[in-house]
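Quick note on the working numbering: the sequence shown kicks off at 1 and runs consecutively.
For every residue, glycine included, the Cβ atom is placed at its ideal position computed from N, Cα and C.
Working notes, beginning with the structure itself.
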Amino acid sequence: MSDWGLCQTTNVYIPLFAVRELDFSLVAGGLTAAVAGVVGVSARVGWGRMMSRGVPAPKLLLLLAVLATAGGLGFLMAQQAHSAVLLWLAVVLHGASALGVSVVLMAALLRAIPISRMGSASGIVSAGQFGGFTIGPLAMGLLISSPGGFTAGWIAVVCIYLSCTLLGLFLVFRRRRSS
Numbered sequence: 001m002s003d004w005g006l007c008q009t010t011n012v013y014i015p016l017f018a019v020r021e022l023d024f025s026l027v028a029g030g031l032t033a034a035v036a037g038v039v040g041v042s043a044r045v046g047w048g049r050m051m052s053r054g055v056p057a058p059k060l061l062l063l064l065a066v067l068a069t070a071g072g073l074g075f076l077m078a079q080q081a082h083s084a085v086l087l088w089l090a091v092v093l094h095g096a097s098a099l100g101v102s103v104v105l106m107a108a109l110l111r112a113i114p115i116s117r118m119g120s121a122s123g124i125v126s127a128g129q130f131g132g133f134t135i136g137p138l139a140m141g142l143l144i145s146s147p148g149g150f151t152a153g154w155i156a157v158v159c160i161y162l163s164c165t166l167l168g169l170f171l172v173f174r175r176r177r178s179s
């Protein structure tokens, strides 16, 4: 779960990336985080509606992981191509996936965990997410400060999202076997 929290902190460094690497103004750089946030809030509503309609959490988590991976690759490609268009595409994908995932995680808990264990289970998920929020900016700062710069940071983000994709595949296949 902390994988998602770690990458949700991408919002912290998208503006820095936009300003330092793609020559955005400070206002336009700040707008990248604002757009990701608006998309993220909208996505939470949409993902929540899908959960309320009975869509299985493992399938949504897999979809979110794939979208997040595409977003991470978008950030990497935006840097390599020095492309504002790719950055905005990555921002939207990031907002829709990484910022929208928390509602799916909590709704999945409601479906899977007995009420007597809900407090501790939701606490563990929240701790994982906030643990990622805590170490994510520091980890990215260390990567950006390394010789690999933002490239190393985006590769780390993509690798984390790929691990989430593998976990999502595991959950989908596990659910199919138990059905």
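Under DSSP, the alpha helix (DSSP H) around residue i begins and ends at which residues?
i    : result
V101 : 101–112
R20  : 10–22
H94  : 84–97
So, with DSSP's three-state summary, where would you put residue i?
i    : result
S120 : helix
P58  : helix
G147 : Residue identity differs from the one stated: residue 147 is Pro in this sequence, not Gly. Note: P147 maps to coil in three-state DSSP.
S178 : helix
R49  : helix
M1   : Confidence at M1 is low in this model, with a pLDDT of 43, below 50, so the placement of that residue should be treated as unreliable; the coordinate-derived value is given next. Coil.
A34  : helix
N25  : The question names Asn, but residue 25 in the sequence shown is Ser. In the structure shown, S25 sits in coil (DSSP, three-state: anything other than H, G, I, E or B).
Take residue i and list the residues in its own chain whose beta-carbon comes closer than 7 Å to its own, dropping the five residues that flank it on each side.
i    : result
W47  : L60, G100, V103, V104
A70  : L93
G168 : P58, L61, L62, A65
Could you compute how far the alpha carbon of residue i sits from the alpha carbon of residue j?
i    : j    : result
W154 : V172 : 27 Å
G12  : V35  : Here residue 12 turns out to be Val, not Gly, going by the sequence shown. Their Cα atoms are separated by approximately 13 Å.
F133 : T9   : 6 Å
M51  : A107 : 7 Å
I124 : I115 : 15 Å
S83  : M77  : 8 Å
Near residue i, which residues of its chain fall below 8 Å by C-beta distance, leaving aside the five closest residues on each side in sequence?
i   : result
A43 : G95, A96, S97, L99, G100
Tell me which same chain residues have a C-beta within less than 6 Å of the C-beta of residue i, skipping the five on either side of it?
i    : result
L89  : G74
R175 : P58
A121 : L109, I113
V55  : none
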